[in-house]
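Chains A and B supply the protein sequences, listed in that same order. All residue numbers for the first sequence refer to my numbering, where the first residue is 169 and numbers rise by one. All residue numbers for the second sequence refer to my numbering, where the first residue is 43 and numbers rise by one. Glycine is no exception: its CB is placed at the ideal position from the N, C-alpha and C atoms. The block underneath contains the structure these notes are about, expressed in structure tokens.
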Amino acid sequence: MAQDPLQTTYDAVVVGSGATGGWAAKQLGEAGLKVALLEAGRAVSPKEFTEHMPSYKLKYRDHSPEVVRTRPVQKQCYACMEYNYEWFVNDLENPYSTPPGKPFTWQRLRILGGRSLVWGRQSYRLSDNDFKAAGRDGYGDDWPIGYADLAPYYDIVERYVGISGATEGNEMLPDGQFLPPMKMSCGEVQLRARVKAKFGHTVTIGRTAILTQNHNGRLACHYCGPCERGCSTFSYFSSPFTTVKDALASGNCTLLTNAVVSHVDMDTEPNKTRGVTYVDRLTRQVKEVRGKAVILCGRRSAEKR
Amino acid sequence: MKRRDLIRGSVLAGAAAALRPSLAAAQSVAQQPSELTPAQSGVDASKDLAAPGWKPLFLDEHQNETLIVLSDLIIPATDTPGAKEALVNRYIDLVLAAETPETQRTFLNSLGYVDGESMRRFKAAFRYLSREDQDILLHGLAYPRIGGGWAGDTGAVADPGHGHFEALKGRIMSAYYSSQIGEKELGWDGAFAHGPYQGCEHPEGDHK
């Protein structure tokens, strides 16, 4: 592992350490492949989590002009706040444009784990109602895969992540490998019963990547509320403390932080890659990481494909 | 001479003691690793507004004093501390200092309206009125005047006084209830975790 990452040819270069990149690095690393995991932001520590800090301890009690000034786009999502705005890109330094009349709020983070630190955590299986929708309503195309193809992978992810939810047997939302569901209030129980009786529809509790019991070395949720500021008990799923941790523990994964990938380098042989070029965010040096395969898991790359 | 030295010495020691926490805070800010928010690096700003020698950043002295009087009338101390003790004027000043000129102007217009009404009706600025006159003036602003009085009359006159009062009250309320005193007043006990959520505990089908 003491090898210079810039002198190594990896089996795979994974770009982005969020929900997807973390999984790619874990699966490949644990399978014995040599992986380089590149993250544009810095590493993250549980010491910087602020979920238990009352807002009167903040200078502006969560009305910081610094957030308004530097994160005009990011703060359109509630998750970007005076507590944690440094996790999000500075919009003044990372501008983008959209076609006229097609605005798009582009949430971007610059931190190990990316948006998995601040995501909404609701976790549902798609069904054949989604995969084969075009066949029914005539819009778009059916997917080339169906639910049966994906179901075993949903199982793997759910067992590892820990999704709390209720088994319903409803074909719109296939059941999964659930931890016990969060309880419904009296009003919700009533609503569920009436909707079922009057309309025949199912009202179910949200299926969410928040633990209702201890799971895989992480503690059950203590219901404090503001997950987006980090979780000191790791009760919601975020990649740095799960998949990325496992990838590094495999001994086969090298993590490069502050590595902003600029492009995929193509080989002289057609349709072959030889790795990626990145800019070191702190030194501005341009570097190359060589790999036999490149897996793009970053939001920027995902949206440009 | 000796006595004076003693007094000066004690004043300086007091000032040094008072400065110490803020110096410590300043150092921790200087040493914090970059790319952490103040909150993420553990800075507690809750005592900043109570710092000795506090001076308003945006309001002038008269505006600040007027705001203190107004906030004390709107949320007075009862068996718990009120808006004045919660230093809502200082928080409002801090926020306004960072606001847009338009928002700043809107606030000063509202504050100025109260003083204008006070001058018109009582020939003195609001902060100098008797408590009774202050109450009379605010009661007049607190409820909207509505039109000609006939039911269904939609020709209600715009009531700027009520609008200004509501704007000031809103600022004072949100400043108060976001303070530590205000959070306590709302019933927060200082606990963050609420333990397992029990949900509905009625037996199946028995919701009486």
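* Under a three-way DSSP split, which group does Asp448 of chain A fall into? -> Numbered from 1 along the first sequence, position 280 holds the residue referred to as residue 448 of chain A. Three-state DSSP puts Asp448 of chain A in a strand.
* Asked: Could one say the Cβ of Glu250 of chain A lies closer than 8 Å to chain B's Cβ atoms, at least one of them?
  -> Numbered from 1 along the first sequence, position 82 holds the residue referred to as residue 250 of chain A. Chain B contact via Cβ: present.
* Drop a sphere of 10 angstroms on the beta-carbon of Thr120 of chain B, count the other beta-carbons inside from all chains shown, and report buried for 16 or more, exposed for fewer. => Start at 1 with the first residue of the second sequence, and residue 120 of chain B comes out as number 78. Counting C-beta atoms within 10 angstroms of its own C-beta, Thr120 of chain B has fewer than 16 neighbours from the protein chains shown and is therefore classed as exposed.
* Asked: Just reading off the beta strand (DSSP E) that Ser430 of chain A is part of, what are its end residues?
  -> The residue you call residue 430 of chain A lines up with position 262 of the first sequence. Element bounds for Ser430 of chain A: 427-434.
* Asked: In chain A, what lies closer than 7 Å to Phe234 of chain B by C-beta?
  -> The count along the second sequence starts at 1 and reaches residue 234 of chain B at position 192. In chain order: His220, Cys392.
* To do: Whole angstroms is fine: what's the gap from Cys248 of chain A's alpha carbon to Phe256 of chain A's?
  => The count along the first sequence starts at 1 and reaches residue 248 of chain A at position 80. The count along the first sequence starts at 1 and reaches residue 256 of chain A at position 88. Linking Cys248 of chain A to Phe256 of chain A through their CA atoms gives a straight-line distance of about 7 Å.
* Asked: What number of angstroms, rounded off, separates the C-alpha of Asn439 of chain A from the C-alpha of Pro268 of chain A?
  -> In the first sequence, residue 439 of chain A corresponds to position 271, counting from 1. In the first sequence, residue 268 of chain A corresponds to position 100, counting from 1. Between Asn439 of chain A and Pro268 of chain A, the C-alpha separation is close to 34 Å.
* **Proximal residues of chain B, C-beta to C-beta of Tyr253 of chain A below 9 Å** => Here residue 253 of chain A corresponds to residue number 85 of the first sequence, with the count starting at 1. Under the 9 Å cutoff, chain B gives Thr79.
* Can you name the residues of chain A whose CB is closer than 7 Å to the CB of Val137 of chain B? -> Along the second sequence, one-based indexing puts residue 137 of chain B at 95. Against chain A, the beta carbon of Val137 of chain B has neighbours under 7 Å at Tyr228, His231, listed in chain order.
* Asked: Which ranges does the alpha helix (DSSP H) cover as unbroken runs of at least 4 residues, wholly within the segment 388-425 of chain A, from first to last along the chain?
  -> The segment 388-425 of chain A contains these whole alpha helix (DSSP H) runs: 411-417.
* **Cβ-based neighbour list, Phe402 of chain A, same chain, cut-off 6 Å, excluding 5 preceding and 5 following** => Stepping through the first sequence from its first residue, residue 402 of chain A is reached at position 234. Counting only Cβ-Cβ distances below 6 Å, and skipping sequence neighbours, we find Arg386, Phe409.
* chain A within 8 Å of Asp248 of chain B, Cβ atoms only -> Walking along the second sequence from the start, residue 248 of chain B turns up at place 206. So, not an interface residue.
* Are Val457 of chain A and Val444 of chain A closer than 8 Å when you measure CB to CB? -> Here the question's residue 457 of chain A lines up with position 289 in the first sequence. Here the question's residue 444 of chain A lines up with position 276 in the first sequence. Result yes, Cβ atoms of Val457 of chain A and Val444 of chain A sit closer than 8 Å.
* Mind listing which residues of the segment 203-236 of chain B have their C-beta closer than 7 Å to chain A's C-betas, in chain order? -> Answer set for the segment 203-236 of chain B: Ser220, Ser221, Gln222, Glu225, Phe234, Ala235, His236.
* Out of curiosity, what's the CA-to-CA distance linking Gly314 of chain A and Ala417 of chain A? -> As a working mapping, residue 314 of chain A is identified with position 146 in the first sequence. As a working mapping, residue 417 of chain A is identified with position 249 in the first sequence. Rounded to whole angstroms, the gap between the alpha carbons of Gly314 of chain A and Ala417 of chain A is 34 Å.
* Measuring CB to CB, does His249 of chain B end up less than 8 Å from Cys465 of chain A? -> Position 207 of the second sequence, counted from the first residue, corresponds to residue 249 of chain B. Position 297 of the first sequence, counted from the first residue, corresponds to residue 465 of chain A. Taking 8 Å as the Cβ cut-off, His249 of chain B and Cys465 of chain A do not qualify as a contacting pair.
* With 8 Å as the threshold, decide whether the Cβ of Tyr239 of chain B is near any Cβ in chain A. => Locating residue 239 of chain B in the second sequence gives position 197, counting from the first residue. Output row for Tyr239 of chain B: interface = yes.
* Under the three-state reduction of DSSP, which class applies to Ser113 of chain B: helix, strand or coil? -> For the purposes of this step, residue 113 of chain B is taken as residue 71 along the second sequence, with counting starting at 1. Per DSSP, reduced to three states, the secondary structure at Ser113 of chain B is helical.
* To do: Identify which residue in A:Pro394, A:Ser223, A:Asp433 has its Cα closest to the Cα of Val454 of chain A.
  => Here residue 454 of chain A refers to the residue found at position 286 when the first sequence is read from its first residue. The shortest Cα separation from Val454 of chain A among A:Pro394, A:Ser223, A:Asp433 belongs to A:Asp433.
* Which residue or residues does DSSP assign as beta-bridge partners of Gly459 of chain A? -> The residue you call residue 459 of chain A lines up with position 291 of the first sequence. Residue pairing for Gly459 of chain A: DSSP places it in a beta bridge opposite A:Tyr178.
* Expressed to the nearest angstrom, what Euclidean distance is found between the alpha-carbon atoms of Phe168 of chain B and Gly95 of chain B? -> Residue 168 of chain B sits at position 126 when you count from the first residue of the second sequence. Residue 95 of chain B sits at position 53 when you count from the first residue of the second sequence. C-alpha separation (whole angstroms): 25 Å.
* **Proximal residues to Asn426 of chain A (C-beta, below 8 Å), its chain only, five neighbours per side dropped** => Sequence index remark: in the first sequence, residue 426 of chain A carries index 258 (1-based). Its chain contains Glu207, Ala208, Gly209, Arg210, Asp448, Arg449, Leu450 as the residues whose beta carbon lies nearer than 8 Å to that of Asn426 of chain A, once the 5 sequence neighbours on both sides are disregarded; these appear in chain order.
* Asked: If you count every other CB in all the chains shown that lies within 10 Å of the CB of Arg62 of chain B, and 16 or more means buried, which is it?
  -> If you number the second sequence from 1, residue 62 of chain B lands on position 20. The predicted model places Arg62 of chain B with a pLDDT of 42, which falls under 50 and marks its position as unreliable; any figure quoted below should be read in that light. Exposed, by the Cβ-count rule.
* To do: Less than 8 Å between the CB atoms is what I'm expecting for Gly281 of chain A and Gly186 of chain A, so what's the real figure, rounded?
  => Here residue 281 of chain A is taken as the residue at index 113 of the first sequence, counted from 1. Here residue 186 of chain A is taken as the residue at index 18 of the first sequence, counted from 1. Their Cβ separation, rounded to whole angstroms, is 6 Å, which keeps Gly281 of chain A and Gly186 of chain A in contact under 8 Å.
* **Cβ neighbour criterion (16 or more within 10 Å) applied to Gln82 of chain B** => Locating residue 82 of chain B in the second sequence gives position 40, counting from the first residue. The Cβ neighbour count for Gln82 of chain B, taken over all protein chains shown within 10 Å, is at least 16; the residue is labelled buried.
* Asked: For a contact meaning CB atoms closer than 9 Å, what does Asp90 of chain B contact in chain A?
  -> One-based indexing of the second sequence puts residue 90 of chain B at position 48. Those within 9 Å of Asp90 of chain B in chain A are Lys227.
* By Cβ distance below 6 Å, which residues in the same chain neighbour Ala57 of chain B in space, the five residues on each side in sequence not counted? -> One-based indexing of the second sequence puts residue 57 of chain B at position 15. Residue confidence is low: Ala57 of chain B scores 44 on pLDDT, short of 50, so the model does not pin down where it sits. Its coordinate-derived value is still stated next. Contacts found: none.
* **Own chain, CB closer than 6 Å to Lys166 of chain A, minus 5 neighbours either side, in chain order** => No answer is possible for residue 166 of chain A: it lies beyond the span of chain A, which begins at 169 and ends at 473.
* DSSP on His244 of chain B, reduced to helix/strand/coil? -> Reading the second sequence from its first residue, position 202 is the one you call residue 244 of chain B. It is coil, neither helix nor strand.
* Check the Cβ of Met340 of chain A against every Cβ in chain B and list those closer than 8 Å, keeping chain order. => Taking the first residue of the first sequence as position 1, residue 340 of chain A is located at position 172. Result: empty, since nearest Cβ-Cβ is about 24 Å, beyond 8 Å.
* According to DSSP, what are the bridge partners of Thr441 of chain A? -> Reading the first sequence from its first residue, position 273 is the one you call residue 441 of chain A. In the DSSP secondary-structure assignment, Thr441 of chain A is bridged to A:Met434.
* Close beta carbons around Asp296 of chain A, own chain, < 7 Å, minus the five adjacent residues each side -> What you label residue 296 of chain A is simply residue 128 of the first sequence in a count that begins at 1. Around Asp296 of chain A: Gly314, Tyr315.
* Which of helix, strand or coil does DSSP assign to Ser223 of chain A? -> Translated into positions along the first sequence, residue 223 of chain A becomes position 55. It is helical.
* Asked: Whose C-alpha, out of B:Lys226, B:Leu91, B:Ile117, B:His181, is nearest the C-alpha of Ser160 of chain B?
  -> Against the second sequence, residue 160 of chain B aligns to sequence position 118. If we check each option's Cα against that of Ser160 of chain B, B:His181 comes out closest.
* **Test: Met350 of chain A CB closer than 8 Å to a CB of chain B** => The residue you call residue 350 of chain A lines up with position 182 of the first sequence. By the rule that beta-carbons nearer than 8 Å mark a contact, Met350 of chain A touches chain B.
* **Three-state secondary structure assigned by DSSP to Arg229 of chain A** => Residue mapping note: residue 229 of chain A aligns to position 61 of the first sequence, counting from 1. Arg229 of chain A carries a coil assignment under DSSP once its states are collapsed to helix, strand and coil.
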